[in-house]
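Visitor: Structure in structure tokens, see below.
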Amino acid sequence: MNNSIIINSTIENSTISNSEIINQTIKNQTITNSKIQGATEEEKAAKEE
């Protein structure tokens, strides 16, 4: 999902695994009961700092 724009979306009970999202704009979005796995290596490194 590269260079995507998501507007006024609702995501419920979702599992997102091993995903990489680049240059994305998300507006007015509600995410409920979601599990996100598999952060990019850059995100993992940032969390470890």
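Following full-length UniProt numbering, the numbering of the sequence shown begins with 1 at its first residue and continues without gaps.
Each residue gets a CB set at the ideal place from its N, CA and C atoms; glycine is no exception.
Treat the numbers as computed from the prediction; the structure is a model and nothing was measured.
How far does the beta strand (DSSP E) with GLU12 in it extend, from its first residue to its last?
Guide: 10-12 is the extent of the beta strand (DSSP E) around GLU12.
Visitor: Return the first residue and the last residue of the beta strand (DSSP E) that ILE22 is part of.
Guide: For ILE22, no beta strand (DSSP E) encloses it, and the DSSP letter there is neither H nor E.
Visitor: Taking GLN24 as the reference, which of ILE7, GLN37 and LYS47 has the closest Cα?
Guide: ILE7
Visitor: With the cut-off set at 8 Å, would you say GLN37 and ASN18 are in Cβ contact?
Guide: Contact: yes.
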